[in-house]
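So the sequence shown is residues 1 to 712, counted in the UniProt record's numbering. Each residue gets a CB set at the ideal place from its N, CA and C atoms; glycine is no exception. Computed from a predicted structure; not experimentally measured. Report on one structure; see the data block that follows.
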Amino acid sequence: MNLINTQEYSLKELFSTSNRKIIIPDFQRDYCWGDKSHGENNDKDLVNDFLDTLLEEFDNNKSEIILGKIDAYENPTDHIYLTDGQQRVTTLYLLIGMLHKKFQETYLKNCLISDFEELDDDQEPYLQYAVRETTVFFLRDLVNEFFIKENDLKVYDIKNQAWFFNEYTLDPSTKSMISALEIIESKSADLTSDFCQFVVENIKIQYYNVQDKKHGEERFVIINTTGKSLTVSENIKPILLGNTQNSELAKQWEERETWFWKNKKKDENISDEGVNDFLTWYFKIKKQQDNIDIIKEAKFLLRKNDNEGNLNNINVYFEALKTIISLLEIEKFQNQFTYINGKNNVLNIVDIRNLNLERVHNILLPLLAFIVKFEDIESIYEFLRRLRKNYFDLKRKHRKNNYLDWRYVLKIIEISNSLQEILTFNTIENSIERISNIPVNIWYNDEEKTKEQLSEHKNLINKWEDHPDFMGDLFPLFAISENLNISDLEKFYTAYLKINPKQFTYSTNIKLGNIYRLILYLNDGVFEHRTVDGWGYCMRNNSDKKLFLHTDFKIIWKNFKSLSEQELLEFFNDRLKEFFKTTVLRHGENVVEFEDLIKDTRKIGHYERVLLWAILEFLDNDNEMYFDGSIAQFWEKPNLIKVENTMSENQIQDYSIGNLILGTSYYNNKTGKFDYCQYPLMKMLQDKKSTITQSEIEENTTRITRKLKTLI
Numbered sequence: 001m002n003l004i005n006t007q008e009y010s011l012k013e014l015f016s017t018s019n020r021k022i023i024i025p026d027f028q029r030d031y032c033w034g035d036k037s038h039g040e041n042n043d044k045d046l047v048n049d050f051l052d053t054l055l056e057e058f059d060n061n062k063s064e065i066i067l068g069k070i071d072a073y074e075n076p077t078d079h080i081y082l083t084d085g086q087q088r089v090t091t092l093y094l095l096i097g098m099l100h101k102k103f104q105e106t107y108l109k110n111c112l113i114s115d116f117e118e119l120d121d122d123q124e125p126y127l128q129y130a131v132r133e134t135t136v137f138f139l140r141d142l143v144n145e146f147f148i149k150e151n152d153l154k155v156y157d158i159k160n161q162a163w164f165f166n167e168y169t170l171d172p173s174t175k176s177m178i179s180a181l182e183i184i185e186s187k188s189a190d191l192t193s194d195f196c197q198f199v200v201e202n203i204k205i206q207y208y209n210v211q212d213k214k215h216g217e218e219r220f221v222i223i224n225t226t227g228k229s230l231t232v233s234e235n236i237k238p239i240l241l242g243n244t245q246n247s248e249l250a251k252q253w254e255e256r257e258t259w260f261w262k263n264k265k266k267d268e269n270i271s272d273e274g275v276n277d278f279l280t281w282y283f284k285i286k287k288q289q290d291n292i293d294i295i296k297e298a299k300f301l302l303r304k305n306d307n308e309g310n311l312n313n314i315n316v317y318f319e320a321l322k323t324i325i326s327l328l329e330i331e332k333f334q335n336q337f338t339y340i341n342g343k344n345n346v347l348n349i350v351d352i353r354n355l356n357l358e359r360v361h362n363i364l365l366p367l368l369a370f371i372v373k374f375e376d377i378e379s380i381y382e383f384l385r386r387l388r389k390n391y392f393d394l395k396r397k398h399r400k401n402n403y404l405d406w407r408y409v410l411k412i413i414e415i416s417n418s419l420q421e422i423l424t425f426n427t428i429e430n431s432i433e434r435i436s437n438i439p440v441n442i443w444y445n446d447e448e449k450t451k452e453q454l455s456e457h458k459n460l461i462n463k464w465e466d467h468p469d470f471m472g473d474l475f476p477l478f479a480i481s482e483n484l485n486i487s488d489l490e491k492f493y494t495a496y497l498k499i500n501p502k503q504f505t506y507s508t509n510i511k512l513g514n515i516y517r518l519i520l521y522l523n524d525g526v527f528e529h530r531t532v533d534g535w536g537y538c539m540r541n542n543s544d545k546k547l548f549l550h551t552d553f554k555i556i557w558k559n560f561k562s563l564s565e566q567e568l569l570e571f572f573n574d575r576l577k578e579f580f581k582t583t584v585l586r587h588g589e590n591v592v593e594f595e596d597l598i599k600d601t602r603k604i605g606h607y608e609r610v611l612l613w614a615i616l617e618f619l620d621n622d623n624e625m626y627f628d629g630s631i632a633q634f635w636e637k638p639n640l641i642k643v644e645n646t647m648s649e650n651q652i653q654d655y656s657i658g659n660l661i662l663g664t665s666y667y668n669n670k671t672g673k674f675d676y677c678q679y680p681l682m683k684m685l686q687d688k689k690s691t692i693t694q695s696e697i698e699e700n701t702t703r704i705t706r707k708l709k710t711l712i
């Protein structure tokens, strides 16, 4: 019987033609399904799951199943060289051998070896391994001496037989075949005579002729690599392609494999990891779960006879993925993804696959689901922007009540008929299926409602949102404006650009930049907007160090809208003077006199000493950008520490402002002691030396006093 391209054949039809040989060519990998080297922990074989799938299908409906396809070329006639499908075909062949050993049925033997080969020729079985000679000889001996001969041998007896040569123990394929036989033998109680008929007659495989060896080798490079363990993709393909006679679906699978191979990562030799990632994304979307076993899901579809519908759906999502890749060529899409990805470029499928799990869940999966349903490019762009804001709401601790879990976003997409319905979906009032232990937060929140009111100015709003300091969140801008007048909002935005710390460089007003940062630091206000970049930070240097703050931004910002730089400098100086008098010169509720502070810094509290330190650093840095990361350490638990041991007794007792060093303590697990990081008030002490003379203390006191008197 000649094999016709794209036709489906039972195992009986594949293996029962007397002159035919099914050959595993020399460029193929070793057989490996019996090895315990698979799964996430490399401790599972694949034969167990494969047999379980067959047994489940037999128990459930006993109908025909299409177990995927095999790629092969035929040269000469009846010599069928496999380029894809080796692992499945070999496992099925070994299964037939074990079934014959148990039931001794002639129709089973006829699938192992022809009568001519058994009785009159070289006893060559239908399945041949050209990978290495030892595998060829082992298979021949296994069929003739173990499968066909009537004996009581068990698999563990094989290695003790006269026909088993020592060289076989060095053959990876032989070792894996023996392991596979042990697994099949362990399931012997489940292997019935009816199951035998099911295996050879109801399991069908589609035959795909790749025409010649060169083409076969090229296809092998796409789907395999010598010496690698079978991947999830190779395991799932026959399951998902089972029970379908639609050759177009198999063709689509090959096209996806080819696409992922052409777009693989540099360190990948096969397409399978890309296919696995994509299938994982698909099943996560369909199941709305963050943990997915795609083999288990594929088996579930097989039992439901729902493979064809899902294979069509998989291809729809694949086209959606390709749409995303094509959109990355458009600058505004590329900018959004790069921004989301921590300023790292996202230009292609490799960059998409390298996104971290949070970004995959909150950006990629909802975007795929959206594109499947809505194809308009502008709608896709607007939805991507909304996903960006939702993602950054997750990253902002104080904004998490505005974050909606990605699984709920998928549910909203499912039940909505337009972008507008999605963007304005009320998660509180509208019915939405709840997910256990996942809160339903407000999706259409106040900011989104405000943007809806200002929708005629969408381009301007989008421009403001795209400023790196806002990260899609215009809450501070909306909060500072009392009537949401677009003209006022634009003035406030322009004012922010003016005072943005990044604007203060060596070529602009350094003193204004420094005092602006200082005021932000000193204000422990009620304006709660703190973000990862911009609003919550008052200071930064060239290494982009940042500092979290509470800021009373509203008062400051409103003044920036109208005042000149000189007026702003005077405004901040007045605020600093007021702050020094009312906040620094304090110990609890008690007011401290300036002269008393100079003589004894213990007169004010720990917190006030930190504020004093920051003010002095500002006063001492008129001509350069000011930042000191130590403020961040002081902020939580400031301490007043003295240099010990090397100072004279009277110096240890000297608590004047010229002898003050601030620092914070850290518990050292190795030493079991507290280590102190010391930060001097003035540059004279910044070498962190442990000794100081009395004259230096007096000089420091004079200098500090002169600086502080400008505030009183």
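Nearest-angstrom beta carbon gap, residue j and residue i [assumed within contact, 8 Å]
{"i": "Tyr208", "j": "Asp26", "result": "In fact, because the Cβ distance is near 20 Å, the residues do not count as touching under 8 Å."}
{"i": "Lys515", "j": "Leu569", "result": "Looking at the sequence itself, residue 515 is Ile, so the reference to Lys does not match. Confirmed, about 7 Å."}
{"i": "Leu14", "j": "Ile22", "result": "7 Å"}
{"i": "Gly97", "j": "Val143", "result": "6 Å"}
{"i": "Ile598", "j": "Ile657", "result": "5 Å"}
{"i": "Ser173", "j": "Tyr31", "result": "4 Å"}
{"i": "Gly472", "j": "Arg359", "result": "Not confirmed; about 14 Å, so no contact."}
{"i": "Thr90", "j": "Leu55", "result": "With a Cβ gap of about 19 Å, Thr90 and Leu55 do not count as contacting."}
{"i": "Ser176", "j": "Asp49", "result": "Incorrect: roughly 15 Å between the Cβ atoms, too far for contact."}
{"i": "Leu454", "j": "Leu423", "result": "Not really, about 14 Å apart at Cβ, beyond 8 Å."}
{"i": "Lys109", "j": "Ile148", "result": "6 Å"}
Which residues DSSP lists as bridging residue i, in chain order
{"i": "Arg602", "result": "Its beta-bridge partners do not exist; DSSP assigns none."}
{"i": "Asp71", "result": "Asp84, Tyr208"}
{"i": "Ile340", "result": "The partner list for Ile340 (beta bridge, DSSP) is empty, contrary to what the question assumes."}
{"i": "Arg586", "result": "Val591"}
{"i": "Ile203", "result": "Ile65"}
{"i": "Ser10", "result": "Lys204"}
{"i": "residue 716", "result": "The question about residue 716 has no answer, for the chain in this structure spans 1 to 712."}
{"i": "Lys102", "result": "None; Lys102 has no bridge partner."}
{"i": "Lys21", "result": "His79"}
{"i": "Lys44", "result": "His38"}
Exposure label - residue i; buried when at least 16 CB within 10 Å
{"i": "Thr77", "result": "exposed"}
{"i": "Phe58", "result": "buried"}
{"i": "Ser695", "result": "exposed"}
{"i": "Tyr537", "result": "At Tyr537, the pLDDT of 33 sits below 50, so the modelled position is not reliable; the number obtained from the coordinates is stated separately. With 16 or more Cβ atoms within 10 Å of its Cβ, Tyr537 is classed as buried."}
{"i": "residue 716", "result": "Here the chain covers residues 1 to 712 and nothing more, so residue 716 does not appear."}
{"i": "Ile223", "result": "At Ile223, the pLDDT of 42 sits below 50, so the modelled position is not reliable; the number obtained from the coordinates is stated separately. With 16 or more other Cβ atoms within 10 Å, it is buried."}
{"i": "Glu608", "result": "buried"}
{"i": "Asn5", "result": "exposed"}
{"i": "Ile428", "result": "exposed"}
{"i": "Leu170", "result": "exposed"}
{"i": "Lys204", "result": "buried"}
{"i": "Pro439", "result": "exposed"}
{"i": "Ile380", "result": "buried"}
{"i": "Ser179", "result": "buried"}
{"i": "Arg434", "result": "exposed"}
{"i": "Ala320", "result": "buried"}
### Task
Would you check if there are 3 or more beta carbon pairs closer than 8 Å linking the stretch 368 to 378 to the stretch 313 to 326?
yes
### Query
Do the stretch 398 to 412 and the stretch 460 to 469 meet, that is, are 3 or more Cβ pairs less than 8 Å apart?
no
### Query
In the stretch 106 to 185, which residue ranges form an unbroken beta strand (DSSP E) of at least 3 residues, counting only runs that do not cross its ends?
127 to 129
### Query
Do the stretch 305 to 317 and the stretch 347 to 362 meet, that is, are 3 or more Cβ pairs less than 8 Å apart?
no
### Message
I want to know whether the stretch 113 to 128 touches the stretch 3 to 19 - three or more CB-CB distances under 8 Å.
### Response
yes
### Query
Does the stretch 574 to 591 touch the stretch 604 to 622, meaning 3 or more C-beta pairs lie closer than 8 Å?
yes
### Meets three-Cβ-pair contact criterion under 8 Å: the stretch 328 to 346 and the stretch 377 to 394
yes
### Segment contact flag, the stretch 148 to 161 with the stretch 42 to 51, C-beta cutoff 8 Å, min 3 pairs
no
### 4 or more residues per run - each alpha helix (DSSP H) lying fully within the stretch 317 to 363
331 to 340, 349 to 353
### Task
Kindly provide the ranges of any alpha helix (DSSP H) runs that are 4 or more residues long and lie completely inside the stretch 442 to 469, ordered along the chain.
446 to 453, 458 to 465
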